[in-house]
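Residue numbers (the UniProt record's numbering), protein chains in the order written: chain A, 1 to 277; chain B, 1 to 286.
Everything below concerns the one structure shown next.
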Amino acid sequence: MRTKRRRKLIHGLIALAAAFVIFVIPFLFVLINAGKAGPEAASPSFAMPANWQLWQNLVAVVQARDYMLLLAYFNSTVITVGAIVLLVIFGAMVGYVLQRRPSKFNRVIYGFVLAGLMIPPAVVPTIWVLQGLGLFKTLHGMILIQVAYGLSFTVLLYRAFISTIPRDLDEAALIDGAKPWQIFFRVVLPLLKPVTVTVIVVQSISIFNDFTHPLYYLPGSENVTVQITLYNFQSQFVSQMNLLFMNILLVTVPPLLVFIFFNRQIVAGMTAGAVKG
Amino acid sequence: MQMKSPYPYWFVAPAAVIFTVLFLVPTAASFWFSLTNWDLFGFQFIGLENFIDFFSEPFLIKGLTNTIIFAVLTSGAKTVLGLLLAVLLTSGLFGQGLLRSIVFFPVLVSTIGVGILFAEMMHPTHGAINVALGYIGIDGPGWLTNPKLALYSIALVDIWRGVGLATLIYIAGLAAIGNEYYEAARIDGATRLQLFWRVTVPLVRPATTTVVILSLIGGLRLFDLIWAMTRGGPGFSSDVLASVIYKQYQAGFYGLSTAGNVILFALIALIIAPLAWWFNRKELDL
């Protein structure tokens with residue numbers, strides 16, 4: 001028995017060492033080079049900085065191009081929060097009807113949900129529609145796009161979770177004379193809190209990290225998002241790799257915080273949605 | 001008399017409007033626009049010319065074949081590595097929880113950040129990977145500068161980034177397998193290898209379906225990682241459909257770009273639909 005436990009310990013240590021080399025060292029690389037002086041970082045390496053200047057570099061990145069990074073953080077936050085609010089409310093409503101009312105019509109809706117997961121968005125025609133609606137290059141247009149692209153996954157998560165909430169509750173509220181929207185918003189939605197947290201965590205990370213869609217639908221320097229700053233800085237900072245790495249570091253902080261606080265929910269929610277289907 | 005349902009369909013309406021206007025309409029319109037010569041000044045119906053162009057231009061067809069190679073390679077690797085890692089990380093190893101977190105963390109980091117980071121680490125002369133290889137006497141290749149290698153280097157980074165999600169899904173799938181199967185097999189004298197092949201692999205099939213389909217769709221649609229690392233270069237050696245679509249859009253060839261979109265759509269349908277059907281049928285056999 002003791003040898004078995006010792007073997008688990010040794011194997012665990014080997015696995016930790018391997019995971020450290022493969023997964024952690026690249027992030028240390030970012031940190032080290034974000035702390036270097038300009039010339040030192042010209043060709044980024046694992047050599048430690050002669051003296052750490054994380055703070056100076058941070059200030060320099062934030063001030064670059066007229067505080068563009070702050071504007072980007074603002075825009076990304078507005079898009080993420082706006083899209084999440086709509087996704088939670090609208091997505092839960094669809095998941096609720098989809099789970100509670102099996103019918104032919106619902107099979108059609110379910111088909112669209114699955115299509116939304118698979119079909120790649122047709123980008124140029126989407127720009128054409130956005131222009132027609134006056135939503136191209138606007139933050140609220142971007143919010144609605146994120147909602148359209150995030151709905152399928154959100155609906156699937158809610159549908160799976162709502163099946164665990166007994167119908168008796170709906171019926172009791174119905175007998176008490178509640179209207180359908182009252183049943184949903186007062187009785188059901190509050191009970192969906194665990195999966196709502198999952199939706200918020202998973203979708204906020206994917207919207208905050210989205211690069212492709214802002215690149216297409218939100219051009220223009222007044223509309224930058226954090227991922228776009230990274231892309232812009234990649235060409236601007238070729239000679240200042242320390243600032244580029246500081247920018248990567250700053251953009252990684254929000255997901256890192258989310259990860260630290262919500263690790264459990266991410267795991268629970270991802271698996272619930274992914275395996276139950 | 002039929003009572004009015006407490007689950008009214010207008011609940012679906014707000015989501016349906018957004019989804020229809022911003023997703024279904026553009027998708028439907030793409031079939032029309034892919035048949036046009038569409039630029040900044042207007043469009044003109046040209047039939048299948050965009051598609052003929054697409055399949056006769058070597059650099060465009062390169063994007064198509066690269067897309068398939070990339071998707072098959074990365075999803076295959078994520079499936080195999082994900083299952084092996086999940087088995088390892090549910091075996092009661094020391095530091096198991098920490099290991100799971102470490103493997104999963106790259107999933108959350110922005111792809112564009114990961115792309116820039118690895119583009120630096122894969123630099124042929126001063127990149128950290130080749131410097132490290134140099135210490136043990138290996139002359140590292142030009143990961144991203146060698147046209148024969150660039151696509152595979154990006155695939156490697158994509159596997160690095162995405163294997164955590166596959167692992168997570170497999171961990172959930174493994175948790176759903178009852179211990180009694182293993183006990184029964186053990187009583188019958190099964191070896192560990194037999195346990196893995198005869199019990200684990202068949203019984204995690206739902207998770208396998210999810211991992212394969214998710215990673216294939218992701219691989220076929222991938223854009224940001226490739227754009228951050230090579231912009232499809234050197235030459236067109238690491239171009240995929242998504243980067244071709246973006247390049248044609250940038251160049252103002254909207255019709256051709258949209259045709260690329262339609263091809264991507266068809267490719268996903270052709271690969272995913274039979275696969276999903278095959279997986280589901282197998283599931284019924286059990």
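A virtual CB, placed ideally from N, CA and C, is assigned to each residue, including glycine.
Bear in mind that the values here come from a model prediction, so they are computed numbers and not experimental data.
ask   = Of the residues that make up the region 9-35 of chain B, which ones have a beta carbon closer than 7 Å to any beta carbon in chain A?
value = Tyr9, Phe11, Val12, Pro14, Ala15, Ile18, Phe19, Val21, Leu22, Phe23, Val25, Pro26, Thr27, Ala29, Ser30, Phe33
query = Bridge partners of B/Thr36, per DSSP?
reply = Within the second sequence, numbered from 1, the residue matching residue 36 of chain B stands at position 36. Beta-bridge pairing links B/Thr36 to B/Phe45.
task = Put A/Phe46 into one of helix, strand or coil per three-state DSSP.
result = Residue 46 of chain A sits at position 46 when you count from the first residue of the first sequence. In this structure, A/Phe46 counts as coil in the three-state DSSP scheme.
key: At least three beta-carbon pairs within less than 8 Å, the region 242-258 of chain B to the region 198-206 of chain B   = no
ask   = Is A/Asn209 helix, strand or coil by DSSP?
value = Walking along the first sequence from the start, residue 209 of chain A turns up at place 209. If DSSP states are grouped into helix, strand and coil, A/Asn209 belongs with coil.
message = Please tell me whether A/Thr196 has its Cβ less than 7 Å away from any Cβ of chain B.
response = As a first step, residue 196 of chain A must be located in the first sequence, where it is residue number 196. Closer than 7 Å: no.
query = What distance in whole Å lies between the Cβ atoms of B/Leu151 and B/Trp143, which are believed to be in contact at a cut-off of 8 Å?
reply = Your numbering for residue 143 of chain B matches position 143 in the second sequence. Your numbering for residue 151 of chain B matches position 151 in the second sequence. A Cβ-Cβ separation of about 11 Å leaves B/Trp143 out of contact with B/Leu151 under the 8 Å criterion.
request  = Report yes or no: do the region 230-241 of chain B and the region 129-141 of chain B share at least 3 C-beta pairs separated by less than 8 Å?
outcome  = The region 230-241 of chain B makes no contact with the region 129-141 of chain B: fewer than 3 CB pairs, one atom from each, lie closer than 8 Å.
request  = Kindly indicate the opening and closing residues of the alpha helix (DSSP H) around B/Lys78.
outcome  = Residue 78 of chain B sits at position 78 when you count from the first residue of the second sequence. Per DSSP, B/Lys78 belongs to the alpha helix (DSSP H) from 58-88.
inquiry  = Under 7 Å, Cβ to Cβ, is there at least one residue of chain B near A/Leu169?
reply    = As a working mapping, residue 169 of chain A is identified with position 169 in the first sequence. Chain B contact via Cβ: absent.
message = Using 8 Å for Cβ pairs, my map puts A/Pro49 next to A/Gly35. What's the rounded Cβ distance?
response = Counting from one through the first sequence, the residue named residue 49 of chain A turns up at place 49. Counting from one through the first sequence, the residue named residue 35 of chain A turns up at place 35. Contact holds; Cβ gap of about 5 Å.
Enclosing alpha helix (DSSP H) for A/Arg65 [first to last residue] = On the first sequence, residue 65 of chain A is found 65 positions in, with the first residue counted as 1. 54-100 is the span of the alpha helix (DSSP H), which, as asked, contains A/Arg65.
query = With distances taken from CA atoms, which of A/Pro44, A/Leu130, A/Thr154, A/Val124 is nearest A/Ile84?
reply = For the purposes of this step, residue 84 of chain A is taken as the residue at position 84 of the first sequence. Selected option, being the one with the closest Cα: A/Thr154.
key: Where B/Val7 sits in the DSSP three-state scheme   = Position 7 of the second sequence, counted from the start, is the residue given in the question as residue 7 of chain B. It should be noted that the sequence gives Tyr, not Val, for residue 7 of chain B. Here B/Tyr7 sits in coil by DSSP.
task = Flag this pair as touching only if the region 212-224 of chain A and the region 16-23 of chain A have three or more C-beta atom pairs under 8 Å; answer yes or no.
result = no
key: Nearest to B/Leu168 (by Cα), restricted to the options B/Arg192, B/Leu108, B/Gly115, B/Leu48   = Taking the first residue of the second sequence as position 1, residue 168 of chain B is located at position 168. The shortest Cα separation from B/Leu168 among B/Arg192, B/Leu108, B/Gly115, B/Leu48 belongs to B/Leu108.
request  = Determine the contact status of B/Phe19 and A/Ala148, defining contact as a CB-CB distance below 7 Å.
outcome  = Taking the first residue of the second sequence as position 1, residue 19 of chain B is located at position 19. Taking the first residue of the first sequence as position 1, residue 148 of chain A is located at position 148. Taking 7 Å as the Cβ cut-off, B/Phe19 and A/Ala148 qualify as a contacting pair.
inquiry  = By the DSSP assignment, the alpha helix (DSSP H) with B/Asn130 in it spans what residues?
reply    = The residue you call residue 130 of chain B lines up with position 130 of the second sequence. Run containing B/Asn130: 128-135, per the alpha helix (DSSP H) assignment.
key: Proximity winner among A/Ile228, A/Ala15, A/Ile175, A/Gln240, relative to B/Gly92 (alpha-carbon distances)   = Within the second sequence, residue 92 of chain B is the residue found at index 92, counting from 1. The candidate whose alpha carbon is nearest that of B/Gly92 is A/Ala15.
query = Which residues of chain B have a Cβ atom closer than 8 Å to the Cβ of A/Leu174, listed in chain order?
reply = If you number the first sequence from 1, residue 174 of chain A lands on position 174. Result: Pro6.
ask   = What did DSSP end up calling A/His140 once you bin it into helix, strand or coil?
value = Translated into positions along the first sequence, residue 140 of chain A becomes position 140. In the structure shown, A/His140 sits in a helix (DSSP, three-state: H, G or I).
query = For B/Ala166, which residues of its own chain have a beta-carbon under 6 Å away from its beta-carbon, when the five flanking residues on both sides are left out?
reply = Walking along the second sequence from the start, residue 166 of chain B turns up at place 166. The answer, listed in chain order, is Lys78, Gly82, Val211.
inquiry  = Taking the straight line between their C-alpha atoms, what separation do you get for A/Thr198 and A/Ala268?
reply    = If you number the first sequence from 1, residue 198 of chain A lands on position 198. If you number the first sequence from 1, residue 268 of chain A lands on position 268. Their backbone Cα atoms lie some 8 Å apart in a straight line.
inquiry  = Just to make sure I have the definition right: I need the residues of chain B whose C-beta is within less than 7 Å of the C-beta of A/Asn57. Which are they?
reply    = The residue given as residue 57 of chain A occupies position 57 in the first sequence. Result: empty, since nearest Cβ-Cβ is about 16 Å, beyond 7 Å.
request  = Could you name the residues of chain B that A/Ser45 contacts, counting a contact when the two beta carbons are closer than 9 Å?
outcome  = Taking the first sequence and counting its residues from 1, the one referred to as residue 45 of chain A is at position 45. What A/Ser45 touches in chain B: His126, Gly127, Ala128, Val131.
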